[in-house]
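Structure first, commentary second.
Residue numbers (full-length UniProt numbering): 1 to 133.
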């Protein structure tokens, strides 16, 4: 018996296996619901398959749902903090680059002035040596 026939046949006769083998449609709906909602608290279910019909949610399942929601919220905050830190780091590096470029330009100007000064002094020196001979 292959895995596909096992899942299909057993899931029809044993609803308790839905907890272990969620159908593709259930997962797709949950992902769509998560992507469409603006906050994680708006998700209709927390588990991989949601609540089974005819069964009420216990305090334990609510607690698990709350834990998952809180964990997802914390993860979202951590991800947002990481993204912001990354943006701040990029801005800092861009500022450092801009400062380095400005310093380079200033040094180029200084170098050009010194080169011109050296050239003037050489010509003066050559003029003195030619008049001395």
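Just so it is clear, CB atoms sit at the ideal spot from N, CA and C, and this is done for glycine as well. Please read all numbers here as calculations on a predicted model, not as lab measurements.
Which of helix, strand or coil DSSP assigns to residue i
i, result
"residue 58", "coil"
"residue 30", "Any reading at residue 30 must be qualified, since the residue scores a pLDDT of 48, below 50, and its modelled position is unreliable; the value itself is stated next. Three-state DSSP puts residue 30 in a helix."
Considering only residues of the UniProt domain "BZIP" (65-128), which uninterrupted beta strand (DSSP E) runs meet the minimum length of 3 residues and lie entirely inside it, listed in chain order?
For the UniProt domain "BZIP" (65-128), not a single whole beta strand (DSSP E) run of length 3 or above is found.
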